[in-house]
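Residue numbers (our numbering): 1 to 732.
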């Protein structure tokens, strides 16, 4: 099988080799093109610097050559800078790629360079007029400037990038000519000019001013929004610098005692010079060779800064592209070599993965059926409604072959099972919400009913009628406890909670007062134990359910006995004994299991609502409840173990008269807890009795039993914790 797999993989390996080789070839070609673009960008950068310094040399030479007829130190320095730029350009030409377009443009530059020595010798002399001198430098500058158009590799807008660079170079050249001709017009003796020469100079001056505006429009059209912002910032900085220069010149003139006339804006100076006004009139308005040259130089430098920035950006972009192309070529070559190696290892790996995939699929399916799915369903059955959901971890097989398809089929079955369980959990949550809503609605009505009955009791003097009101009060109290059962089924707590410690005997009285046959309940040996306030409400409810069950399933003529004792370890045991027909051992085991592990709300709860509520309340406070046979006699004993965290002996406190009367209470008490028929019990697992050994308590810790039958009706001041008034209650 492994050999067959290798044979099948041979064809795709060969195809991968061919395609990979072609891709590597393209990457290498791209790398070469990008490297050529870097050298072109370096050439453009050198050419633009060469061109800028060449025309700057011309502008710097105007005043010295026109006024003195010989080169000054500034002229000599400017020419040295131009010569250094020429050498840097020559080095860039030596590295440039072999391209017909570049070769043609460099040839034009060389032709212009041949004119440069003659230009320098004849500039601003009788052999070469001013405008002719200024325009002749164009033979060197313009071919250098046009090399920018060779930028065209690397990105979709690289060609327009070159166009933008050319436009700003043209703007700089026009500004330079304006500076040179304008300065020439301001320093030259116009009377010595030949006829018509002044008009030629003025016409050239106007045309180059217009050309600058055209070049700026070209820049704005070719450039991006960032390029436009860059231009605006450069011109704003130049304007601010010009204002500072004027301010400094005015301060210096004032210090020397000279009169200083601030020059107008650059546009106004150009307009005044172009009008042909005499230099004296221009000087009176602050337009002198120095002020005009300084103002024009600010614009020249601004354009040059943009030109340098664009050239540097073009070079940086080209280098980035070249680096990326080189890395891509290396990566592609590495990937192709790695693919060839991996292809030969793939067959063996596929053979192993197929067999191991089948083993994983089998093991995962068994795990899902035997462990994961039952666990998720159990979790969902116990989850709150807002958390009824579970993520299904897929089988760890990600292949798309037949094994993978079977794994996805198992995942689909798994998800459907979990989805159904989640829907059931959500349904149970909705049922709980219905229980809670119904209970809240009924509680409000019952509270109003109890308040009305209480008011009638307070104003009734007829004993027989008062007895009927007491019975009606008791029935309403039991109905309210049924409403409390709905809250427990819905997973909610009562809206009102007792928030002060209460004697255990009063808790037992409150529970007995909620039982229909309360006359049959007798208390014996109740210790002076205090119950923590947070558990009073639920404990009364729990005991009332157990007492209701004990009275309902025993003879009406028998007595239900309630005893309690405090254990040495701090816990308290409550026992409820009835003399009913009793239960079988299997029944005890089943009921005790349900008490220890309250089941989820389902249709079976309607048959065992009482003990379900008991189990829920006991679990809420870590109370342990168990049913067991009543020794040799028939009947059932309910054991309620209260943890030491819920009980304590209130040292130094006086119990009221009711608490000190450790007696049986038989009261139709109108407490807030509703009666649930504990018709069917839910219980713990059979097995070792969790309360075994309690018979060995220290008898000295147990009070002497005392049994007494109290009046059938407890006065309102002695009712259960929540009967009448609001003292000791808190709203949750």
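Quick reminder that beta carbons are idealized off the backbone N, C-alpha and C, glycines included. On a predicted model such as this, the values are computed, not experimentally measured, just so you know.
Contact check for residue 466 and residue 457: beta-carbon distance about 6 Å, within the 8 Å limit, so the pair qualifies. Looking at the DSSP output, residue 561 shares a beta bridge with 522, 577.
When Cβ pairs closer than 8 Å are counted between the two stretches, the segment 317–330 is seen to touch the segment 23–41, the count reaching three or more.
Within the model, the alpha-carbon separation for residue 64 versus residue 292 is close to 16 Å. When rounded, the separation of the alpha-carbon atoms in residue 313 and residue 100 is 25 Å.
Runs of the beta strand (DSSP E) lying entirely within the segment 93–130, each at least 3 residues long, are absent. The Cβ atoms of residue 103 and residue 82 lie no closer than 8 Å to each other. Bounds of the beta strand (DSSP E) holding residue 627 are 624–629. In this structure, the alpha-carbon of residue 367 lies about 39 Å from that of residue 340.
In chain order, 150 place their CB closer than 6 Å to the CB of residue 40, counting only its own chain and leaving out the 5 sequence neighbours on each side. Ranked by Cα distance from residue 509, the first of 499, 524, 133 is 524. Within the DSSP bridge table, the entry for residue 39 names no partner. Cα atoms of residue 85 and residue 15: separation of roughly 53 Å, rounded to the nearest angstrom. The C-alpha of residue 272 lies about 29 Å from the C-alpha of residue 307. Per DSSP, the unbroken beta strand (DSSP E) holding residue 638 starts and ends at 636–642.
Using a Cβ distance threshold of 8 Å, residue 48 and residue 207 do not count as a contacting pair. Considering only 399, 310, 638, 569, the residue with the shortest C-alpha distance to residue 644 is 569. Cβ neighbours of residue 263 within its own chain (closer than 8 Å, five residues either side excluded): 246, 269, 285, 286, 287, 288, 291, 292, 295. Secondary-structure assignment with DSSP links residue 67 through no beta bridge to anything. 517 is the residue among 74, 124, 506, 517 whose C-alpha sits nearest the C-alpha of residue 474. Classified as exposed, residue 117 has fewer than 16 neighbouring CB atoms from the shown chains inside 10 Å of its CB.
Listed in chain order, the non-local C-beta contacts of residue 406 below 8 Å within the same chain comprise 361, local neighbours out to five positions each way being set aside. Per DSSP, reduced to three states, the secondary structure at residue 503 is strand.
The beta carbon of residue 582 lies closer than 8 Å to those of 629, 630, 634, 635, 636 in the same chain, with the five residues before and after it left out.
Residue 60 and residue 88 do not touch by the CB rule: their CB atoms are close to 20 Å apart, not below 8 Å.
Here residue 434 carries a helix assignment [DSSP, helix/strand/coil]. One thing to note: residue 173 has its Cβ no nearer than 8 Å to the Cβ of residue 128. Rounded to whole angstroms, the separation of the alpha carbons of residue 397 and residue 357 is 7 Å. Counting C-beta pairs closer than 8 Å gives fewer than three between the segment 590–600 and the segment 554–574, which falls short of the contact rule.
Taking a 10 Å sphere around the C-beta of residue 578, we find 16 or more other C-beta atoms and assign the residue as buried. Contact check for residue 526 and residue 564: beta-carbon distance about 5 Å, within the 8 Å limit, so the pair qualifies. Around the Cβ of residue 616, a 10 Å sphere holds 16 or more other Cβ atoms; the residue is buried. Across the structure, residue 370 and residue 426 are spaced so that their CA atoms are roughly 24 Å apart. Taking 8 Å as the cut-off, the beta carbon of residue 119 is found closer than this to the beta carbon of residue 136. The three-state secondary structure of residue 72, taken from DSSP, is coil.
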